[in-house]
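Undergrad:
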Amino acid sequence: MKKVDKKQWFVTGLTVLEKEGFARITIDNLCGLLQITKGAFYHHFKNIDGYVDALMRYWLEVNTFEFIREVDKLNTPKEQQQKLADMAAYASIRNESVIRAWGYSNPIVRNYVAQADSIRLEYANKLNEATGLDAKQAMDLAIIQYSMLIGMQQVCSDLSAKQFKELQDMVINKFKEQ
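Residue numbers (my numbering): 30 to 207.
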């Protein structure tokens with residue numbers, strides 16, 4: 030019998046979200062894609078809600094905490110801001126927008142989206158303060174940066190990473206001129 034570890038479940042789930050949408054996150058679909066039995070699913074997860082919770086925990090880890098750890102390796106706030114902007118621009122836009130939409134109807138997902146939003150805003154604020162902005166300016170810029178990212182994911186999902194970076198840099202530079 031084929032063995033599937035938890036990470037494979039999560040990678041498959043994120044792929045399903047990106048290509049097929051959240052309605053296709055079902056036990057039958059996941060088991061079919063992984064070519065395993067439902068018993069294998071229940072070996073790892075109590076039910077679909079247990080899977081969704083674990084999948085969203087994995088998503089939060091990979092798309093928030095791993096980003097922060099990677100950025101924290103750099104020495105200066107300016108390098109850190111640049112790295113974070115690059116990582117955000119090249120991250121999976123489709124997954125983020127599908128997960129955010131899913132959160133409107135699924136309280137488990139909604140909770141993880143709220144956690145991600147809070148952690149990401151606070152981290153952007155911290156980086157902005159480290160560049161010398163006062164507390165209000167730092168949070169204002171963090172809100173603008175994050176809102177721009179989320180807005181572009183929702184409205185301009187076909188925007189290239191390069192175009193996103195150019196627009197983001199333009200807004201940040203204008204904000205800092207004031």
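We put the beta carbon where it would ideally sit given N, CA and C, even for glycine.
Values in this document were obtained by computation on a predicted structure and should not be read as measured data.
For the stretch 137-203, list the alpha helix (DSSP H) runs that are entirely contained and at least 4 residues long, ordered along the chain.
TA: The qualifying runs are 164-184.
Undergrad: For I137, count the other beta carbons within 10 Å of its own beta carbon; 16 or more makes it buried, fewer makes it exposed. Which is it?
TA: Label assigned to I137: buried.
Undergrad: State yes or no: is the C-beta of N92 within less than 8 Å of the C-beta of A120?
TA: Contact: yes.
Undergrad: Report the residue ranges of all alpha helix (DSSP H) runs contained in full by the stretch 72-148; include only those spanning at least 4 residues, in chain order.
TA: Segments of the alpha helix (DSSP H) lying fully in the stretch 72-148: 77-89, 95-101, 106-119 and 122-131.
Undergrad: Considering only the beta carbon of each residue, do E195 and N124 sit closer than 8 Å?
TA: Contact: no.
Undergrad: Smallest Cα separation from K155: which of L113, M177 and D187?
TA: Comparing Cα positions, the closest option is L113.
Undergrad: With C-beta atoms as the reference, is W88 less than 8 Å away from Y141?
TA: Closer than 8 Å, so yes.
Undergrad: Take the Cβ of V184 as the centre, count every other Cβ of all protein chains shown within 10 Å, and call the residue buried at 16 or more, exposed below.
TA: V184 should be labelled exposed.
Undergrad: Out of A171, V81, D115 and I56, which one is the CA nearest neighbour of F70?
TA: If we check each option's Cα against that of F70, I56 comes out closest.
Undergrad: Count the other CB atoms within 10 Å of the CB of F39; is the residue buried (16 or more) or exposed (fewer)?
TA: By the 10 Å Cβ count, F39 comes out buried.
Undergrad: Shortest alpha-carbon distance to E158 belongs to which of I179, Q110 and I148?
TA: It is Q110 whose Cα lies nearest to the Cα of E158.
Undergrad: Would you check if the distance between the CB atom of K32 and the CB atom of H73 is smaller than 8 Å?
TA: Their beta carbons are not under 8 Å apart, which means K32 does not touch H73 by this criterion.
Undergrad: Near Q64, what residues of its chain come up, given a Cβ to Cβ distance below 7 Å and the 5 sequence neighbours on each side ignored?
TA: Within the same chain, Q64 has close Cβ partners K31.
Undergrad: By the DSSP assignment, the alpha helix (DSSP H) with V40 in it spans what residues?
TA: V40 -> alpha helix (DSSP H) spans K35 to E49.
Undergrad: Can we count F74 as close to the ligand GTP, meaning its CB is less than 7 Å from some heavy atom?
TA: Only the bare structure without any ligand can be found here, which leaves the ligand GTP out of the picture.
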